[in-house]
RNA sequence: GGUCCCAUCGACUAAUGGUUAGGUCACCACCCUUUCAAGGUGGCGGUACGGGUUCGAAUCCCGUUGGGACUACCA
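In our numbering, the protein residues as written are 618 to 1107.
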């Protein structure tokens, strides 16, 4: 049987980084086995729906290179792929269960349920639906049940969980899991608003859509016994389960906002490469061997297997993501400079800097080893796009008595430099430094301060060579004028 | 509280009964060097604890401790 897997997010906001990893593992598994990857939208809770979510999920997946084979927009033979368009199917199946005697009607109000829970807590027992004392099909009797239904009383349908015995299932990642039935609650399957709960919709859809492997986050592990019971109740064969370890905050709680960005779109906005983010999260909880770190998407597909997924949660460590992004940055500088130029151009234009592709490319080559993400280039080397600004602290910390003389001579040297390249510049300045008995680094630093207004940056000779003779000389003269004013006032 | 899951350096992980417990990030030092990086070399640092099983345990079993998830007419 060919593999069919699904990623089934709720449209309650932007796609989460944890969701992206779940989608990725499903996608890798599907592609590795030449199977199908399905996107299903689980919007059965109308109150939590956030407009634009579906678009963000699709856009984020596409950005990451994960394209569904079937989805609300890609179509497919098992649609519709949006649960709110399948309510009739769920109602039908819920009634089917009632007819089979494996589910029943319940008429309790939220207030009644709340009181029940409080009683149970006060008595020191675990909160659970008490089938024998609440208002349902069994306590009310068939006649009263029918009367209430006909009268239109709000009703839910609950799963009739056996009082004894145990539920057992195999998880590909965790092995056999056994839970006593008495610890499984009579889960609501159909809400009084006629919509299904996650549990019903999920099981019905996975069955109807021919899903072979349910690969999802570990947070679903505790409710899997309910799902297994549901498959039994329908008389269906259940798919194989694989519960993925959670992505964690640095404090080892479930990855969440508060500790940093969790939306994929945040990472897109910060200029991370999809290759880097995908590579990074693929290795959070899975590893094909011990040593290799860098994998492109097709290599991940080739190497992926659920058997090598870890059980323990993994902390999302931005520092390593940054390192990985820098690795890809270096790679792309060699392999695909135009892509980098196109990537950074909007960021530059936002600052009002319109320069040629060729110039941008040269700046990227110049500074790329000093940054992790392309947009960092703007904060790292704004002086490549606009003149530097100096302030008093800066002046005090750099100025020495012979600085003016040295810069004056450098300016003249630069004005007449032929040919115009970094190596020649380095040689001539080196000679000048020797003539003055001054270490090269003194002049290098002085030039850096004058030309860039900063203490750190890319190689100074390369920077000057790229800035050009006119611009460099202009900045040096400005600097000299500015410093002489400072000295006069001092 | 109850149920379930988990446990190798600070982080991500390798080692599926036999290794001086390996690699990557981070951190530290040194080299390189016009600054900062990048790169190179080296270093710091770990099998949570206690019992078993075994000639031999990070690995298998039990317990303890710790962490997490779940415990809704949310997913």
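For each residue, glycine too, the CB sits at the ideal point set by N, CA and C.
- Query: Measuring CA to CA, which of 853, 697, 632, 1078 is closest to residue 681?
  - Reply: Looking at the Cα atoms, 632 is the closest of the given residues.
- Message: As a quick exercise: from 662, 705, 826, 840, pick the residue whose alpha carbon is nearest that of residue 804.
- Response: Of the candidates 662, 705, 826, 840, the residue whose Cα lies closest to the Cα of residue 804 is 840.
- Task: Go ahead and pull the three-state DSSP assignment for residue 818.
- Result: Residue 818 carries a helical assignment under DSSP once its states are collapsed to helix, strand and coil.
- Specify the secondary structure class of residue 797 as computed by DSSP and reduced to three states. Annotated three-state conformation of residue 797 is strand, per DSSP.
- How about residue 842 and residue 784: are their beta carbons less than 9 Å apart? Here residue 842 is near residue 784, since their CB atoms are less than 9 Å apart.
- Query: What number of angstroms, rounded off, separates the C-alpha of residue 1095 from the C-alpha of residue 1005?
  - Reply: C-alpha of residue 1095 to C-alpha of residue 1005: approximately 10 Å in a straight line.
- For residue 1020, which option in 1003, 1061, 904, 1000 has the closest C-alpha, if you only look at C-alpha atoms? Comparing Cα-Cα distances from residue 1020 to each of 1003, 1061, 904, 1000, the minimum goes to 1061.
- Item | With 16 other Cβ atoms within 10 Å as the buried cut-off, status of residue 1052 | So residue 1052 counts as exposed.
- Contacts around residue 1038, its chain only, beta-carbon distance under 7 Å, and the 5 residues preceding and following it disregarded: Taking residue 1038 as the centre and dropping the five residues before and after it, the same chain places the C-beta of 1082 closer than 7 Å to its C-beta, in chain order.
- Query: With contact counted as at least three CB pairs below 8 Å, one residue from each stretch, are the region 889 to 905 and the region 962 to 978 in contact?
  - Reply: Three or more Cβ pairs closer than 8 Å define a contact, and the region 889 to 905 falls short of that threshold against the region 962 to 978.
- Residue from 966, 728, 952, 1046 whose Cα sits closest to the Cα of residue 1026: Closest option to residue 1026, Cα to Cα, is 1046.
- Query: Within 10 angstroms of its Cβ, does residue 835 collect 16 or more other Cβ (buried), or is it exposed?
  - Reply: By the neighbour-count rule (16 or more Cβ atoms within 10 Å), residue 835 is buried.
- Message: As a quick exercise: from 780, 730, 1080, pick the residue whose alpha carbon is nearest that of residue 773.
- Response: In terms of Cα proximity to residue 773, the closest of 780, 730, 1080 is 730.
- Item | Through-space distance from residue 885 to residue 871, alpha-carbon basis | About 22 Å.
- With distances taken between CB atoms, is the gap from residue 857 to residue 933 smaller than 9 Å? Against a cut-off of 9 Å, the Cβ pair of residue 933 and residue 857 comes out as no contact.
- Message: Rounded to the nearest angstrom, what separates residue 623 and residue 654 at their Cα positions?
- Response: Approximately 6 Å, taken between the alpha carbons.
- Task: Have a look at 791, 979, 751, 798 and flag the residue whose alpha-carbon is nearest the alpha-carbon of residue 926.
- Result: Residue 926 has its Cα closest to that of 791, out of 791, 979, 751, 798.
- Query: Going straight from the alpha carbon of residue 1076 to that of residue 910, what length do you get?
  - Reply: Roughly 29 Å between the two C-alpha positions.
- Query: Beta carbon of residue 659, beta carbon of residue 859: below 9 Å?
  - Reply: The answer is no: Cβ separation not under 9 Å.
- Between which two residues does the alpha helix (DSSP H) carrying residue 843 extend? In the DSSP annotation of this structure, the continuous segment of the alpha helix (DSSP H) that includes residue 843 starts and ends at 841 to 851.
- Item | Option nearest residue 812 by Cα separation, candidates 830, 838, 710 | Comparing Cα-Cα distances from residue 812 to each of 830, 838, 710, the minimum goes to 710.
- Task: Note down the Cα distance separating residue 938 from residue 879, rounded to an integer number of angstroms.
- Result: If I take the Cα positions, the gap works out to 13 Å.
- Closest Cα partner of residue 671 within the set 662, 656, 683, 664: Nearest option by C-alpha distance: 656.
- Extent of the continuous beta strand (DSSP E) run through residue 622: According to the DSSP assignment, residue 622 belongs to the beta strand (DSSP E) that extends over 621 to 624.
- Task: Can you check the region 756 to 795 for any beta strand (DSSP E) of at least 3 residues that lies completely inside it and give the ranges in chain order?
- Result: As far as the region 756 to 795 is concerned, its whole beta strand (DSSP E) runs of at least 3 residues are 773 to 776, 783 to 788.
- Query: Given that a residue counts as buried once 16 or more other Cβ atoms are within 10 Å of its Cβ, and exposed if not, what is residue 766?
  - Reply: Per the 10 Å Cβ criterion, exposed.
- Quick one: Cα of residue 697 to Cα of residue 825, how far? Residue 697 and residue 825: Cα-Cα distance of roughly 11 Å.
- Is residue 813 helix, strand or coil by DSSP? Three-state result, residue 813: strand.
- Sequence-distant residues of the same chain with beta carbon closer than 7 Å to residue 987, five excluded per side: Apart from sequence neighbours up to five positions away, the residues of its chain that approach residue 987 with a beta-carbon distance below 7 Å are 997, 1075, ordered along the chain.
- Query: Around the Cβ of residue 663, are there at least 16 other Cβ atoms within 10 angstroms (buried) or fewer (exposed)?
  - Reply: Counting of Cβ neighbours within 10 angstroms places residue 663 among the exposed residues, the total staying below 16.
- Report yes or no: do the region 716 to 732 and the region 753 to 768 share at least 3 C-beta pairs separated by less than 8 Å? In short, these stretches touch, since the Cβ pair count reaches three.
- Item | Per DSSP, the bridge partner or partners of residue 699 | Answer is 658.
- Query: For residue 981, which residues of its own chain have a beta-carbon under 6 Å away from its beta-carbon, when the five flanking residues on both sides are left out?
  - Reply: Closer than 6 Å at the Cβ level, and outside the excluded window around residue 981, lie 957.
- Task: Just grab the DSSP bridge partners of residue 932 for me.
- Result: In DSSP, residue 932 forms a bridge with 865.
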